[in-house]
Amino acid sequence: MNELVPVSKIDFGAIDGKIEARDPNFESMFYDNDNYYSQLANDQTTYIIYGRKGTGKTLLLQYFLKKQSKENDTFTKLIPPEDFIEVKLNYLNHGKLSDEETKIFWKFFILMKLSSIVLEHEKGILNAKKLSHLREVDVELQFQLKSFIEESTSQVRSQLSLNPNLSAGLSDTVKSVYQPSKYFEVLKSLENKLFDVLKKSSKTYYIAFDDLDDLNMKGESDPSHEDNLKALAKLMISLVKALEHINDNLYEIGSKSRILTTLRQDVVDEMQNLDGNINKPLSGRSIGLSWMSPVLTKNPQKSSLGKLVLHKIKGSVTAYKQFDDTKLFKMIFPSNKHGRPFDFIVKRSFGRPRDIIQFLTTFQSTFGNEHCIRTSELSQVQGKYSTWFYNELKNEVNILENATSINDTLLLIKKYKHTGFMIADLEKFLKTNSDEFKKINDLREDIKSLYKLGVLSNNDKQGSDYKEQSNFTVEYAYRDGLTSANFDNFFKIHIAIRDYLSI
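Next comes the structure, spelled out in structure tokens:
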């Protein structure tokens, strides 16, 4: 046991990918699960990274950009969502766009960002004339876009002013009236001039988008008051189509440059619901991050999550590098009569790195002087972790159309005071307490959403004490790839939030 050092010496990383990427040791501490980085680096047709919140999309993208920026004649730029908002407000403050117009605006935004970085780094004599043309077209495009939008807005307002009933609803009804014009001609000219430069260039450029789910799209909703998720999905459909167009053209001219983006799994699911044609770029040109493994329970040190944690441990403590994975795992996570510590952590997660890292750092903050991680101490900090986990869950819930109803359903489950239920029993309980939960619109729809999020599992047996039995079939959407709840089966509440709900 003298071989062990305090767990406070282990750097498990940060749950915020942007913060972790700032660490001086970020690259050496990064764990490349399933060779995701190799695929992203070597396959030019891959430009989308998607996965559930907390699966490491930002980390993978940041690692890719940092590695590529060290290559000769390679330049990278990460575009924050605020840039899109700023440009959109600057040019499109008059109202909403149709889906086709949004795709065109994405093309403009991407080409504008790409031309900016190209103009910054292309200084060769060979391209001097082409660069001059590109700079002129870039400025002209921005001028034409702004002028055309102002003209279109003025025309629409004039028409509406003739009818007071129409003008009263101006803020909700104003649409741009784009027609083929000089604006489109200049946009095409910018694309042609930009690709002329890139065709002759020996340099490679990577433009990347991240955290686009932070965009609040409620102001983009149509008169049907669609939810933020649907509005965001529509915006991302337009983005992906613009990416497909630009990346295909970059590939055709022989440029290794690429435009990349991250997407959240729930947004991707909604995109596929809205547009069947979007599946091609989403499935054929993307990396879907997943960390669940069939060996996670029996041989956690061989699972992706186990290897991630071991990589962090060995990267933090030089003395631990001499041990093989199995021995080191048993040293840090010793099993005893109270159970297996790593299994304890995983069961209180959605199988995401963010959950595991948060639980481990929560343990460190209280038991940093301990030399190993035991179940008995983990159980003492699970209440604090449960609060964090619940707040993370709320972030995923709040993007949904029925968010208010779901939050009330969670309070209903809390008041119910059981770790599981049959739907008929919960419906009966709601009926008895209907005055207290008036915001619940459709209990079954809320249960479907909570099941899809992984908050609830489906069990094929109930058990009088509401505890899991070894012969139960327990299905979680995030673990088993299922998306439809079975209302004939028993529902159990994920153990990670039971402490927070006091059940």
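Under full-length UniProt numbering, the residue at position 422 of the sequence shown is numbered 422, and the numbers go up by one with no gaps.
Glycine included, C-beta positions come from ideal geometry on N, C-alpha and C.
Just reading off the alpha helix (DSSP H) that residue i is part of, what are its end residues?
i: ALA319; result: Looking at the DSSP string, ALA319 is not in any alpha helix (DSSP H), and its letter there is neither H nor E.
i: ILE493; result: Premise fails: ILE493 lies in the beta strand (DSSP E), 490 to 493, not in any alpha helix (DSSP H).
i: ASN391; result: 375 to 397
i: ARG354; result: 353 to 367
i: ILE19; result: 17 to 20
i: LEU328; result: 325 to 332
i: VAL5; result: No alpha helix (DSSP H) contains VAL5, which DSSP labels as neither H nor E.
i: SER349; result: First-last for SER349: undefined, no H or E at that position.
i: GLN39; result: 36 to 42
i: LEU114; result: 99 to 121
Helix or strand or just coil, what does DSSP make of residue i?
i: GLY420; result: strand
i: ASN228; result: helix
i: PHE75; result: strand
i: ASN25; result: coil
i: ASN457; result: According to the sequence as given, residue 457 is Ser; it is not Asn. In this structure, SER457 counts as strand in the three-state DSSP scheme.
i: GLU436; result: helix
i: ASN247; result: helix
i: LYS67; result: helix
i: ILE406; result: helix
i: ASP343; result: helix
i: VAL197; result: helix
i: LEU430; result: helix
i: TYR31; result: coil
i: LYS203; result: coil
i: PRO485; result: Looking at the sequence shown, residue 485 is not Pro but Ala. Reduced to three states, the DSSP call for ALA485 is coil.
i: PHE503; result: Reading off the sequence shown, one finds Ile at residue 503, where the question assumed Phe. Looking at ILE503 - three-state DSSP - the assignment turns out to be coil, as it is neither helix nor strand.
i: ASP12; result: At residue 12 the sequence reads Phe, which differs from the Asp that was named. Looking at PHE12 - three-state DSSP - the assignment turns out to be coil, as it is neither helix nor strand.
i: ASN441; result: coil
i: LEU400; result: coil
i: THR45; result: coil
i: GLU370; result: coil
i: THR55; result: coil
i: LEU215; result: coil
Return the bridge partner residues of residue i from the DSSP annotation.
i: LYS337; result: Paired residues: none, contrary to the question.
i: ALA208; result: LEU78 and LEU260
What first and last residue would you give for the beta strand (DSSP E) that runs through residue i?
i: TYR50; result: 48 to 51
Hey, is residue i close to the ligand NAP, as in C-beta under 7 Å from one of its heavy atoms?
i: ALA496; result: Absent from the structure shown: the ligand NAP. Ligands present: none.
Would the stretch 234 to 246 count as touching the stretch 100 to 120 if we require 3 or more Cβ pairs under 8 Å? The way I'd put it, the stretch 234 to 246 does touch the stretch 100 to 120; three or more beta-carbon pairs between them come closer than 8 Å.
Please determine if the stretch 50 to 60 and the stretch 340 to 357 are in contact, where contact requires at least 3 C-beta pairs separated by less than 8 Å. yes
Considering only residues of the stretch 250 to 314, which uninterrupted alpha helix (DSSP H) runs meet the minimum length of 4 residues and lie entirely inside it, listed in chain order? Qualifying alpha helix (DSSP H) stretches, in chain order: 265 to 274 and 279 to 284.
Just checking, does the stretch 321 to 339 make contact with the stretch 372 to 382 on the three C-beta pairs under 8 Å criterion? These segments touch.
I'd like to know if the stretch 394 to 403 and the stretch 356 to 368 are in contact, where contact means that at least 3 CB-CB pairs between them fall below 8 Å. no
Check whether the stretch 310 to 330 and the stretch 273 to 281 are in contact - that is, three or more C-beta pairs closer than 8 Å. no
With a threshold of 8 Å, are at least 3 pairs of Cβ atoms found where one atom belongs to the stretch 20 to 28 and the other to the stretch 56 to 73? yes
Could you tell me whether the stretch 306 to 323 touches the stretch 256 to 276, using the rule of 3 or more Cβ pairs below 8 Å? no
Pairing CB atoms from the stretch 435 to 452 with CB atoms from the stretch 405 to 425, are three or more of them under 8 Å? yes
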